[in-house]
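K.L.:
With the working numbering, the residue at position 62 of the sequence shown is 247, and numbering never jumps.
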Amino acid sequence: MANTGKIKSIIGAVVDVQFDSDSKLPEILNALELKRDNGDILVLEVQQHLGQDSVRTVAMDGTEGLVRGMVVTDTGIPISMPVGEGIKGRVFNVTGDAIDGLAQVSKVGGRAIHAKPPLFEDLSTANEILFTGIKVIDLIEPYAKGGKIGLFGGAGVGKTVLIQELINNIAKSYSGVSVFAGVGERTREGNDLIREMIEAGIMNYGDKFKHSMEEGGWDLSAVNLEDLKESKATFVFGQMNEPPGARACVALSGLTLAEYFRDGEGTGQGKDILFFVDNIFRFTQAGSEVSALLGRMPSAVGYQPTLATEMGLMQERITSTKNGSITSVQAVYVPADDLTDPAPATTFA
Numbered sequence: 186m187a188n189t190g191k192i193k194s195i196i197g198a199v200v201d202v203q204f205d206s207d208s209k210l211p212e213i214l215n216a217l218e219l220k221r222d223n224g225d226i227l228v229l230e231v232q233q234h235l236g237q238d239s240v241r242t243v244a245m246d247g248t249e250g251l252v253r254g255m256v257v258t259d260t261g262i263p264i265s266m267p268v269g270e271g272i273k274g275r276v277f278n279v280t281g282d283a284i285d286g287l288a289q290v291s292k293v294g295g296r297a298i299h300a301k302p303p304l305f306e307d308l309s310t311a312n313e314i315l316f317t318g319i320k321v322i323d324l325i326e327p328y329a330k331g332g333k334i335g336l337f338g339g340a341g342v343g344k345t346v347l348i349q350e351l352i353n354n355i356a357k358s359y360s361g362v363s364v365f366a367g368v369g370e371r372t373r374e375g376n377d378l379i380r381e382m383i384e385a386g387i388m389n390y391g392d393k394f395k396h397s398m399e400e401g402g403w404d405l406s407a408v409n410l411e412d413l414k415e416s417k418a419t420f421v422f423g424q425m426n427e428p429p430g431a432r433a434c435v436a437l438s439g440l441t442l443a444e445y446f447r448d449g450e451g452t453g454q455g456k457d458i459l460f461f462v463d464n465i466f467r468f469t470q471a472g473s474e475v476s477a478l479l480g481r482m483p484s485a486v487g488y489q490p491t492l493a494t495e496m497g498l499m500q501e502r503i504t505s506t507k508n509g510s511i512t513s514v515q516a517v518y519v520p521a522d523d524l525t526d527p528a529p530a531t532t533f534a
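What follows is the structure, given as structure tokens:
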């Protein structure tokens with residue numbers, strides 16, 4: 186029988202859920218599901234245990250329309266992302282639901298977004314240069330395959346444009362697979378990026394769809410699903426209009442897909458993957474919002490006291506193993522051009 190509870194209180198994105206005294210309390214980071222009146226599913230992530238029978242959760246979508254007493258079901262597992270051939274060329278949200286207007290992808294056998302880093306003995310120590318096709322980078326500051334690259338800068342200096350160019354070059358030069366996580370940035374930029382990727386053939390929607398797109402249309406019925414599987418990029422978006430819980434987890438959702446490709450899609454034959462995050466500062470910012478909502482004591486400049494831990498847990502998973510590598514390029518917004526701000530300083534560390 187499903188483990189169910191009822192909403193006890195709702196404060197913005199924070200929802201407290203009470204379970205029966207004889208039922209099992211959900212584990213920390215478990216995903217709870219709530220069915221809205223319109224049939225949509227709202228996912229809540231357990232963050233704290235309150236006493237013997239209640240948990241405090243953070244919503245992955247808006248809490249408008251929720252009322253006390255609504256039934257919540259414990260899934261028994263963390264938020265999971267779909268895996269398999271069907272994820273190439275697709276656009277997902279933080280909970281692994283397709284948001285591109287095409288059919289949903291099954292989450293059966295999916296991967297949890299919260300995972301431990303690879304074991305020390307599984308790591309690769311090989312040094313190899315990743316040629317980007319951008320001459321100034323390859324000559325003056327070459328990127329190491331399996332490394333992490335931070336693009337530090339204020340607003341409007343070209344971080345996102347450089348990331349778009351890298352996705353394009355890597356896909357065309359190496360037939361490499363890229364995963365892009367849009368964290369707390371503008372929805373317009375995400376829309377523009379997807380259109381550019383379709384035009385460049387990196388997201389392969391088929392000739393019929395491209396023809397309708399050139400004429401100003403957006404006919405999703407014209408998408409060739411077989412061609413789509415030949416795409417070289419997958420996108421995960423949690424844009425700035427999303428609640429802080431979604432923005433805090435979407436980078437992990439994207440990283441989970443990158444790990445799946447790196448580990449060889451279940452075949453043991455790994456790949457070299459590019460993982461783009463735009464913008465990693467918004468990951469920190471969202472974590473700060475969640476921390477404040479949960480009532481934790483703020484640290485320096487109002488950031489969460491667990492800033493270094495959260496950043497470390499994520500960055501340690503971005504690594505090269507004997508199966509394959511993840512090369513990560515992360516745009517880092519520097520607030521007020523202050524490199525000593527805890528967010529860019531922790532990212533740099």
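Just so you know, even glycine gets a beta-carbon here, dropped at the ideal spot from N, CA and C.
All figures in this text were calculated on a predicted structure; none of them were measured in a lab.
1. Can you tell me whether DSSP reads Arg296 as helix, strand or coil?
2. Among the candidates Gly430, Phe365, Tyr518, Leu459, whose CA atom is the shortest distance from the CA of Thr550?
3. When burial is assigned at 16 or more other CB atoms within 10 Å of the CB, is Thr494 buried or exposed?
4. Ordered along the chain, which non-local residues of its own chain (more than five positions away) have a Cβ less than 6 angstroms from that of Pro302?
5. Going along the chain, which residues of its own chain have a beta-carbon closer than 6 angstroms to the beta-carbon of Gly271, five neighbours each way excluded?
6. May I have the straight-line CA-CA distance separating Val362 from Lys330, to the nearest angstrom?
7. Our contact map puts Leu479 next to Arg241 with C-beta atoms below 8 angstroms; I'd like the distance itself, whole angstroms only.
8. On the criterion of 16 or more Cβ atoms from any shown chain inside 10 Å, does Arg253 qualify as buried, or is it exposed?
9. Have a look at Ile322 and Tyr328 and give me their C-alpha separation to the nearest angstrom.
10. Could you round the C-beta distance between Val257 and Ile192 to whole angstroms and report it? I think they count as a contact, below 8 angstroms.
11. Can you tell me whether DSSP reads Met482 as helix, strand or coil?
12. Assuming contact is defined by CB atoms lying nearer than 9 angstroms, are Met266 and Leu459 in contact in what I supplied?
13. In angstroms with no decimal places, state the Cα-to-Cα distance between Lys417 and Glu427.
14. When burial is assigned at 16 or more other CB atoms within 10 Å of the CB, is Leu492 buried or exposed?
15. Quick one: what does DSSP say Glu384 is sitting in, helix, strand or coil?
16. In three-state terms, what does DSSP make of Lys273?
17. If we ignore side chains and look at the alpha-carbon of each, how far apart do Ile213 and Val293 end up?
18. For the segment 430-512, which segments carrying the alpha helix (DSSP H) assignment without a break, of at least 4 residues, lie completely within its bounds, in sequence order?
19. Can you have a look at Ser476 and say buried or exposed, based on whether 16 or more other CB atoms are within 10 angstroms of its CB?
20. Run through the DSSP bridge pairs and tell me what Tyr518 is partnered with.
21. Is it buried or exposed, Asp463, if we count other Cβ atoms within 10 angstroms and call 16 or more buried?
22. Which word fits Leu336, buried or exposed, when buried means at least 16 other C-beta atoms lie within 10 angstroms of its C-beta?
23. What residue does the beta strand (DSSP E) around Asn353 start on, and which one ends it?
24. On a CA-only basis, which of Leu498, Gly497, Glu474, Met499 is nearest Tyr488? Give me that one, please.
25. Can you tell me the Cα-Cα spacing of Thr310 and Gly509, whole angstroms?
26. Write down the C-beta distance between Gln349 and Glu384 rounded to the nearest angstrom, noting that I regard them as a contact closer than 8 angstroms.
27. Is it true that the CB of Leu251 sits closer than 9 angstroms to the CB of Val200?
28. What is the rounded straight-line gap between the Cα of Gln505 and the Cα of Phe305?
29. Tell me the DSSP bridge mates of Phe533?
30. If you count every other CB in all the chains shown that lies within 10 Å of the CB of Leu413, and 16 or more means buried, which is it?
31. Using the rule of at least 16 other Cβ atoms within 10 Å of the residue's Cβ for burial, across every protein chain shown, is Leu405 buried or exposed?
P.N.:
According to the structure data:
1. strand
2. Nothing in the structure corresponds to residue 550, since the chain is present only between 186 and 534.
3. exposed
4. Glu501, Arg502
5. Val290
6. 14 angstroms
7. 7 angstroms
8. exposed
9. 8 angstroms
10. 6 angstroms
11. coil
12. no
13. 26 angstroms
14. buried
15. helix
16. coil
17. 22 angstroms
18. 465-478, 492-502
19. buried
20. Gly338
21. buried
22. buried
23. Segment 344-359 is the alpha helix (DSSP H) holding Asn353; no beta strand (DSSP E) there.
24. Glu474
25. 11 angstroms
26. Not quite, the Cβ-Cβ distance comes to about 12 angstroms (not below 8 angstroms), so this is no contact.
27. yes
28. The residue asked about is misnamed: residue 505 is Ser in this sequence, not Gln. Cα to Cα, Ser505 sits roughly 11 angstroms from Phe305.
29. Phe533 pairs with nothing; no bridge assigned.
30. buried
31. exposed
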